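Here is the structure we will look at, set down as C-alpha cells.
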Ligand SMILES: [Zn+2]
C-alpha cells in the first residue's frame, strides 16, 4: 500500500501521481485518484500539466466497464534515464525509460577490488561513449543513478573503500549537469522489484528482501516508505566459520564466501561470465553430480544459518529471496529452512516466518539502477530544480 498522506507542494503532488504510475505501470484516472488520495479534478489538472511536458502518455483502451474510463495513463517512454551498476565484476551503463526498457547498454569488466582511480577511468570512458550515443539521437538524460555494493554505511564502504566526496565531485564533473543519485546495490534491486511489474511480487507487507548475487545483501522493505528510506543489511559479511573461506572484504568465513554466485560458480565449475550470459537458466542447463549437489545444499544451509541470525537481530515475519537459491528445486531449498531452524530463536516455524522466492534476473545489470533512476526522477516530481525556479520556491515555502 502507498503511504496515505496529503501532498502539499506542486512537486509533491506531481511526485505522488508519477510514483503511482511508475508502481502500477499504467492506470486509469479514477484509480490514480483513489490510490493517491487526490480528487479526480486535481489528478486531471496534474495529468494535463505532465502531458504538456511529455512526461506521460495516454492510450485509448477498451473501458473496463460500460461508461468507464478509456484512457490508460502511463509514464512516457520519451523520458530518458541512465542506470549505472558496479556489480557482477563489471561496470554496466544503460540508457532506458521508466518502463525498464534499455535502449543502450555497455558493460566493461571491472575487478572486484576496483580502486577509485581505475573506476574513474572506466567511468569516464563509458560516459564518452554514452554521450555520443545520446547526442546522435538527441536524447537528453533526465536522471542517472549509480549503484555500488556496500554503499551508504556510516562507517565507510569496506568493499570499495573510496573517498565519497571525491566520488560525488567526480560524478558531477563527468556527467556534466545530469542529476545523479548514488545508492546501495541491494536498494537498487529493491527498486527493481517494486517498480518492474514483470513478475508478481509474492509479499505485500514489510519484509526482509535477501539478494544472493555476486554479493549477498539484505534490505528491510517497509511497504509504506520510499525506496531510499530502506536500510541495507550486510548479511553477506556475517562471519559464519572461524578461519573459513577468504572473503573479498578481507575477513575469512563470511556468508558471502560460501553462498554468493561467485562461490557457486566455482563449485559447479562454470565461469562467472558464463553464468551471467546464461542468465536465470544457468542451473537448469547443468548436469550436477551428487557431490556438487550435496555441496550446493550445504551452501543453502549456511545461507539459512546466516538468515536466521539476521532475523534474531531484526525480527520480521516474512523473507523474500532472490538469487540462485530461487532457481534450485524446492526439495533443495529446504536446506535453507534447516539452517534457519538451527539459528533462528525458537526454530523455524512456517506459521511465524513466511519464506518466498522470486526469479533472480541474473545478468540484467544495469536494469536495477535504471529503476532506481526512475524512482529518483518521479520522487522529484519530474522537475529539474535548477530549471524550474517555481518548484524550488515552493520547496522553500
Ligand atoms: Zn566478507
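In the numbering used here, the protein residues as written are 32 to 428. Think of the CB as a built atom: it goes at the ideal place given N, C-alpha and C, for glycine as much as any other residue. All of these numbers come straight from a predicted model, not from anything done at the bench.
(request) From the DSSP output, in three-state form, read off residue 285 for me. (result) Of the three classes helix, strand and coil, the one that applies to residue 285 here is strand, per DSSP.
(message) Spatial neighbours of residue 257 within its chain, please: C-beta separation below 7 Å, excluding the five flanking residues on both sides.
(response) Excluding residues within five positions, the ones whose Cβ falls inside 7 Å are 410.
(request) Mind checking which residues open and close the beta strand (DSSP E) that includes residue 81? (result) Residue 81 -> not in any beta strand (DSSP E); alpha helix (DSSP H) instead, spanning 71–83.
(message) So for residue 39, helix, strand or coil by DSSP?
(response) DSSP places residue 39 in coil when its eight states are reduced to three.
(request) Could you tell me which uninterrupted beta strand (DSSP E) segments, each at least 3 residues in length, are contained entirely in the stretch 165–214, listed from first to last along the chain? (result) Here the runs fully enclosed are 172–179.
(request) For the alpha helix (DSSP H) containing residue 326, list its first residue and its last residue. (result) Residue 326 -> alpha helix (DSSP H) spans 321–344.
(request) Pull up the distance between the alpha-carbon of residue 427 and that of residue 109, whole angstroms please. (result) Its pLDDT being 37, under 50, residue 427 is placed unreliably in this model, and the value from its coordinates should be taken loosely. Using only the alpha carbons, I get a separation of about 30 Å.
(message) Among 200, 274, 146, whose alpha-carbon lies nearest the alpha-carbon of residue 188?
(response) Residue 188 has its Cα closest to that of 146, out of 200, 274, 146.
(message) Using the Cβ count rule (16 or more neighbours within 10 Å means buried), how would you classify residue 84?
(response) Result: exposed.
(request) Whole angstroms is fine: what's the gap from residue 65's alpha carbon to residue 54's? (result) Across the structure, residue 65 and residue 54 are spaced so that their CA atoms are roughly 14 Å apart.
(request) Quick one: residues in its chain with C-beta nearer than 7 Å to the C-beta of residue 245, no 5 flanking neighbours on either side, listed in chain order? (result) Result list for residue 245: 118, 119, 120, 291, 292, 293, in chain order.
(request) From the DSSP output, in three-state form, read off residue 427 for me. (result) In this prediction, residue 427 has a pLDDT of 37, which is less than 50 and means its spatial position is unreliable; nothing more can be read from the coordinates.
(message) For a cutoff of 9 Å on Cβ pairs, would you count residue 198 as touching chain D?
(response) No chain D is present in this structure, which holds just one protein chain.
(request) Return helix, strand or coil for residue 217, following the three-state DSSP convention. (result) It is helical.
(request) With DSSP collapsed to three states, give me the class of residue 144. (result) It is coil, neither helix nor strand.
(request) Within 10 angstroms of the Cβ of residue 99, are there 16 or more other Cβ atoms? Answer buried if so, exposed if not. (result) That one is exposed.
(request) Report the three-state DSSP secondary structure of residue 228 (helix, strand or coil). (result) Residue 228: coil per DSSP, three-state reduction.
(message) Using CA atoms only, rank isn't needed, just tell me which of 217, 226, 254, 233 is closest to residue 265.
(response) Minimum Cα distance to residue 265 is reached at 217.
(request) Going by CA-CA distance only, name the one from 149, 135, 134 that's closest to residue 141. (result) It is 149.
(request) Specify whether the stretch 372–388 and the stretch 324–343 touch according to this definition: at least 3 beta carbon pairs, one from each stretch, less than 8 Å apart. (result) Result yes; three or more Cβ-Cβ pairs closer than 8 Å.
(request) Within the same chain, show all residues whose beta-carbon is closer than 6 Å to that of residue 219, passing over the 5 residues directly before and after it, in chain order. (result) The answer, listed in chain order, is 178, 399, 400, 403.
(request) Evaluate contact between the stretch 40–52 and the stretch 60–75, counting only Cβ atoms and requiring at least three cross-stretch pairs below 8 Å. (result) At 8 Å Cβ cutoff, the stretches touch.
(request) Answer yes or no: the CB of residue 279 versus the heavy atoms of ligand 1, is any distance below 8 Å? (result) Answer for residue 279: yes, Cβ within range of ligand 1.
(message) At a cut-off of 8 Å, would you count residue 288 as near ligand 1, judging by its Cβ distance to the nearest heavy atom?
(response) Yes, ligand 1 has a heavy atom inside 8 Å of this Cβ.
(message) Which complete alpha helix (DSSP H) runs does the stretch 242–270 hold, if anything under 4 residues is left out?
(response) The qualifying runs do not exist here; there are none.
(message) Quick check on this structure: which residue in 299, 344, 183 has the alpha carbon closest to the alpha carbon of residue 262?
(response) Each of 299, 344, 183 was checked against the Cα of residue 262, and the nearest Cα belongs to 183.
(message) Taking the alpha-carbon of residue 395 as reference, which of 361, 174, 143, 131 has the nearest alpha-carbon?
(response) Residue 131 is the option with its Cα nearest to residue 395.
(request) Please state whether DSSP places residue 403 in a helix, a strand or coil. (result) It is helical.
(message) Ignoring anything shorter than 4 residues, give me the alpha helix (DSSP H) runs that lie fully in the stretch 349–408, in order along the chain.
(response) Taking only runs of at least 4 residues, the alpha helix (DSSP H) segments lying wholly in the stretch 349–408 are 355–358, 361–374.
(request) Counting only the same chain and skipping the five closest in sequence on each side, list residues whose C-beta sits under 7 Å from that of residue 236. (result) Answer for residue 236: 254, 349, listed in chain order.
(request) For residue 221, collect the residues of the same chain with a Cβ closer than 7 Å to its Cβ; drop the 5 residues on either side in sequence, then sort them by chain order. (result) Exclusion of the five residues before and after residue 221 leaves 240, 250, 252, 258, 261 as the residues of its chain whose Cβ lies within less than 7 Å of its Cβ.
(request) Tell me, to the nearest whole angstrom, how far the beta carbon of residue 330 is from that of residue 352; I am working on the premise that it is less than 8 Å. (result) About 13 Å separates the beta carbon of residue 330 from that of residue 352, a gap too long to meet the 8 Å contact definition.
(request) Work out the CA separation of residue 116 and residue 405 for me, nearest whole Å. (result) Each residue's Cα considered, the two are about 14 Å apart.
(request) Report the rounded CA-to-CA distance for residue 208 versus residue 193, giving the unit in angstroms. (result) Between residue 208 and residue 193, the alpha-carbon positions lie close to 23 Å from each other.
(request) Report the rounded CA-to-CA distance for residue 389 versus residue 275, giving the unit in angstroms. (result) Roughly 29 Å between the two C-alpha positions.
(request) Could you check if residue 161 is buried or exposed, using at least 16 other CB atoms within 10 Å of its CB as the buried criterion? (result) With 16 or more other CB atoms across the displayed protein chains lying within 10 angstroms of its CB, residue 161 is buried.
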